[in-house]
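**Student:** Got a structure here, written out as structure tokens. Questions coming.
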Amino acid sequence: EAGVTQFPSHSVIEKGQTVTLRCDPISGHDNLYWYRRVMGKEIKFLLHFVKESKQDESGMPNNRFLAERTGGTYSTLKVQPAELEDSGVYFCASSPFPGQGMGISYNEQFFGPGTRLTVL
Amino acid sequence: GDSVTQMEGPVTLSEEAFLTINCTYTATGYPSLFWYVQYPGEGLQLLLKATKADDKGSNKGFEATYRKETTSFHLEKGSVQVSDSAVYFCALSGRGSYIPTFGRGTSLIVHP
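Protein chains in written order, with our numbering: chain A, 542 to 661; chain B, -2 to 109.
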């Protein structure tokens, strides 16, 4: 079974440009998550989709970030316009279990390899 | 809020050496604790977990014990291999939460 895939693996852009990151979750996983790790720091949660709906987007840093998951399959994360502080590794994860409110305290998430974004 | 502190790296060891990566946490209540590993070019993988005090998680020769009294979850392995070279993340998940809180990660380099 294919794991979570992310594209591109690396992206180098100029400040002010737009970049779109893509995540393909494991087939059949309703839950999809985006995280970011700024170099040397913690991995931080950005948002969570259940199918095509945004369940929790409390971690999105500002309105320059737009995430979509049309059709409930793959997801994209667009940064427009990119700033220097957006540099980091963006991870995507998916899981098959129900999300919040279903009485499950933890569900295992399967992570992709990440996209390394460098904004110059 | 919840937080995880783990030792800074890189940790550099020779093959067959003993490994300890320290992890302490701050959380309300009784969280579940995890170690994730990221091998070069791959995604994070769940290495082991413990869901209550005094539980010991173990996998691939790695162990960690949930110590409530010291709020710690140190990762240990008796004899590391070159293939263990990776970045290790300590994490916690509070009750009712499906989003882990991660530490900063510790890079492990094992030389032959």
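For each residue, glycine too, the CB sits at the ideal point set by N, CA and C. Note that this is a predicted model, so its numbers are computed, not measured.
(1) If you measure from the beta carbon of A:Ile584 to each beta carbon in chain B, is any gap under 8 Å?
(2) Excluding sequence positions up to five away, which residues of its chain have a Cβ less than 7 Å from the Cβ of A:Glu593?
(3) Relative to the C-alpha of B:Tyr22, which residue among B:His108, B:Pro97 and B:Val107 is closest?
(4) Quick one: which chain B residues come within Cβ less than 7 Å of A:Glu598?
(5) Answer yes or no: does any C-beta atom of chain A fall closer than 8 Å to that of B:Ile18?
(6) How is A:Val579 classed by DSSP in three states: helix, strand or coil?
(7) Do the CB positions of B:Phe15 and B:Ala88 come within less than 8 Å of each other?
(8) Could you pull the start and end residues of the beta strand (DSSP E) that A:Lys595 belongs to?
(9) Among B:Gln42, B:Ser94 and B:Pro28, which has the Cα closest to the Cα of B:Phe70?
(10) Nearest chain A C-beta to B:Phe99 closer than 8 Å, yes or no?
(11) Could you tell me which of B:Arg101, B:Val77 and B:Ser90 sits nearest to B:Thr17, measuring between CA atoms?
(12) What did DSSP end up calling A:Leu661 once you bin it into helix, strand or coil?
(13) Are the stretch 618 to 637 of chain A and the stretch 554 to 566 of chain A in contact at 8 Å, needing three or more beta carbon pairs?
(14) Tell me the DSSP secondary structure of A:Gly613 in three-state form.
(15) Counting only the same chain and skipping the five closest in sequence on each side, list residues whose C-beta sits under 6 Å from that of B:Arg64.
(16) Tell me which residues share the same chain as B:Gly6 and place their Cβ nearer than 6 Å to its Cβ, disregarding the 5 neighbours each side in the sequence.
(17) Under 8 Å between the Cβ atoms of B:Gly58 and B:Lys74?
(18) Can you give the Cα-Cα distance for A:Glu598 and B:Glu13, rounded to whole angstroms?
(19) Does the beta carbon of B:Phe59 sit closer than 8 Å to a beta carbon anywhere in chain A?
(20) Below 8 Å between beta carbons: does that hold for A:Trp575 and A:Ala608?
(21) Classify B:Ser80 as helix, strand or coil using the three-state DSSP reduction.
(22) Could you spell out the range, first to last residue, of the beta strand (DSSP E) harbouring A:Thr559?
(23) State the DSSP-derived secondary structure class of A:Gln641, mapped to helix, strand or coil.
**Tutor:** On the basis of the data shown:
(1) yes
(2) Arg610, Thr611, Gly612 and Gly613
(3) B:Pro97
(4) Those do not exist, as A:Glu598 stays about 12 Å from chain B at its closest Cβ, beyond 7 Å.
(5) no
(6) coil
(7) no
(8) Ser594 to Asp597
(9) B:Pro28
(10) yes
(11) B:Val77
(12) coil
(13) yes
(14) helix
(15) none
(16) Thr103 and Ser104
(17) yes
(18) 44 Å
(19) no
(20) yes
(21) helix
(22) Per DSSP, A:Thr559 belongs to no beta strand (DSSP E) and is neither H nor E.
(23) Annotation note: pLDDT 45 at A:Gln641 (below 50); position unreliable, no value reported.
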